[in-house]
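Colleague: In this note's numbering, the protein residues as written are 262 to 530.
Glycine residues also receive a C-beta, built at the ideal position from the N, C-alpha and C atoms.
Being a predicted model, the structure only gives us computed values, none of them experimental.
A single structure is presented below for examination.
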Ligand SMILES: Nc1ncnc2c1ncn2[C@@H]1O[C@H](COP(=O)(O)OP(=O)(O)O)[C@@H](O)[C@H]1O
Ligand SMILES: [Mg+2]
């Protein structure tokens, strides 16, 4: 097996949820000696992580007083791609998203972000990493309804301590991109659902994140607005080379992404 074949093999095996131990066992069946496998792993696999913005290994999440929400999930996501995480309600989609987005910590397993293991980072280091690299869009819009659209879309910049002048410039640019320039001084409460979600996409993108996490972003929208929001998300993802991780229970939306990961009862199928 050539180097690139081994790499592809291991990535494919990880993507279907096999643990590294299981992959090594497979390779041994193909006639690789344990020493060669170990050398191969160390020499070939670890460097390949650098193209993986997210690499989750054997993630288990147990909530207190309930069964395991995730029961050993491994997946890696390449930079600049769009990935749909799909599954029925209660299958563990949001739990998985929260963990790979560092909003929550796993009970066991390891999460690498751009090749950096996160388990030993302090909470403030994790928060800094997330603020720098990730943007979020949720089903519930979490807008400040009594604030203007411009203030809502530039909120992350205000938190970062960026001057009002620069915030206004970047905010107006973003509103223009979203076709909402004329709404800048209106209160967010007055927007339609589709416009609210567009504003949320702008807020997620304004800090130039590498990855956008969208958990059921069209869950509160009708079909036409859903299609619009998906188009905006995917167009911006492609134009800007962003990684998009979309959580949805809708197979039609999942089809729009480069890749689909199906989760059932806390395991990747
Ligand atoms: N904060 C929590 N505390 C306890 N159980 C939870 C919590 N969040 C989710 N769960 C449980 O974990 C499982 C997976 O939930 P979730 O990840 O929200 O699924 P999905 O997003 O696919 O609907 C469900 O059984 C759910 O009830
Ligand atoms: Mg959910």
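Measuring alpha carbon to alpha carbon, tell me which of 513, 330 and 469 ends up nearest residue 526.
Modeller: As a position in the chain shown, residue 526 is number 265, starting the count at 1. Comparing Cα positions, the closest option is 330.
Colleague: By how many angstroms is the C-alpha of residue 512 removed from the C-alpha of residue 480?
Modeller: Locating residue 480 in the chain shown gives position 219, where the first residue counts as 1. Locating residue 512 in the chain shown gives position 251, where the first residue counts as 1. Residue 480 and residue 512: Cα-Cα distance of roughly 13 Å.
Colleague: When you compare the CB positions of residue 413 and residue 449, do they come within less than 7 Å of one another, or not?
Modeller: Indexing the chain shown from 1 puts residue 413 at position 152. Indexing the chain shown from 1 puts residue 449 at position 188. Contact: yes.
Colleague: Any chance you could list the alpha helix (DSSP H) runs of at least 4 consecutive residues sitting entirely within the region 491-524, in chain order?
Modeller: Segments of the alpha helix (DSSP H) lying fully in the region 491-524: 512-515.
Colleague: If you count every other CB in all the chains shown that lies within 10 Å of the CB of residue 273, and 16 or more means buried, which is it?
Modeller: Translated into positions along the chain shown, residue 273 becomes position 12. Under this definition residue 273 is an exposed residue.
Colleague: Quick check on the DSSP output: the beta strand (DSSP E) that includes residue 369 runs from which residue to which?
Modeller: Reading the chain shown from its first residue, position 108 is the one you call residue 369. Counting along the chain, the beta strand (DSSP E) containing residue 369 begins and ends at 369-374.
Colleague: Between the C-alpha atoms of residue 493 and residue 505, what's the straight-line distance to the nearest angstrom?
Modeller: Taking the first residue of the chain shown as position 1, residue 493 is located at position 232. Taking the first residue of the chain shown as position 1, residue 505 is located at position 244. Between residue 493 and residue 505, the C-alpha separation is close to 12 Å.
Colleague: Spell out a yes or no on whether the region 418-426 and the region 444-464 are touching, meaning 3 or more CB-CB pairs, one atom from each, closer than 8 Å.
Modeller: With the cut-off at 8 Å, the region 418-426 and the region 444-464 do not touch.
Colleague: What does the alpha-carbon distance come out to for the pair residue 308 and residue 460?
Modeller: In the chain shown, the residue the question calls residue 308 occupies position 47. In the chain shown, the residue the question calls residue 460 occupies position 199. Note that residue 308 has pLDDT 44, beneath the 50 cutoff, so the model's placement of it is unreliable and no number is given.
Colleague: Would you list the one or two residues that DSSP bridges to residue 476?
Modeller: The residue labelled residue 476 in the question sits at position 215 within the chain shown. Answer is 399 and 508.
Colleague: Are the region 376-384 and the region 325-340 touching by the rule of at least three beta carbon pairs closer than 8 Å?
Modeller: In short, these stretches do not touch, since the Cβ pair count stays below three.
Colleague: I'd like to check one pair, residue 524 with residue 354: are the Cβ atoms closer than 7 Å?
Modeller: Residue mapping note: residue 354 aligns to position 93 of the chain shown, counting from 1. Residue mapping note: residue 524 aligns to position 263 of the chain shown, counting from 1. Against a cut-off of 7 Å, the Cβ pair of residue 524 and residue 354 comes out as a contact.
Colleague: DSSP has residue 339 in a bridge; who is on the other side?
Modeller: Indexing the chain shown from 1 puts residue 339 at position 78. In DSSP, residue 339 forms a bridge with 313.
Colleague: Restricting to Cα atoms, I'd like to know which of 324, 341, 387 and 405 is closest to residue 369.
Modeller: Within the chain shown, residue 369 is the residue found at index 108, counting from 1. Among 324, 341, 387 and 405, the Cα nearest to that of residue 369 is on 324.
Colleague: Is any heavy atom of ligand 2 found at a distance shorter than 6 Å from the C-beta of residue 352?
Modeller: To locate residue 352, count along the chain shown from 1; it is residue 91. Outside the cutoff, so no.
Colleague: Let's test the definition: count the other Cβ atoms within 10 Å of the Cβ of residue 484 and tell me whether it reaches 16, buried, or not, exposed.
Modeller: Position 223 of the chain shown, counted from the start, is the residue given in the question as residue 484. It is exposed - the Cβ of residue 484 has fewer than 16 other Cβ atoms within 10 Å.
Colleague: Per DSSP, residue 378 is paired with what?
Modeller: Taking the first residue of the chain shown as 1, we reach residue 378 at position 117. Residue 378 is bridged to 373.
Colleague: For residue 356, is the beta carbon positioned less than 6 Å from some heavy atom of ligand 1?
Modeller: The residue given as residue 356 occupies position 95 in the chain shown. Yes; taking the cut-off as 6 Å, the Cβ of residue 356 has a heavy atom of ligand 1 nearer than that.
Colleague: Which word fits residue 518, buried or exposed, when buried means at least 16 other C-beta atoms lie within 10 angstroms of its C-beta?
Modeller: Indexing the chain shown from 1 puts residue 518 at position 257. So residue 518 ends up on the buried side.
Colleague: Run the proximity test for residue 327: is its beta-carbon closer than 6 Å to any non-hydrogen atom belonging to ligand 1?
Modeller: Here the question's residue 327 lines up with position 66 in the chain shown. Yes.
Colleague: For a test of the three-state rule: what should DSSP assign to residue 328, helix, strand or coil?
Modeller: The residue labelled residue 328 in the question sits at position 67 within the chain shown. Coil.
Colleague: Can you tell me which of the three DSSP states residue 271 falls into?
Modeller: As a working note, residue 271 is residue 10 in the chain shown. Helix.
Colleague: Any contact between the region 385-396 and the region 464-477? By contact I mean 3 or more CB pairs, one from each, below 8 Å.
Modeller: The region 385-396, when compared against the region 464-477, does touch it at the 8 Å Cβ threshold.
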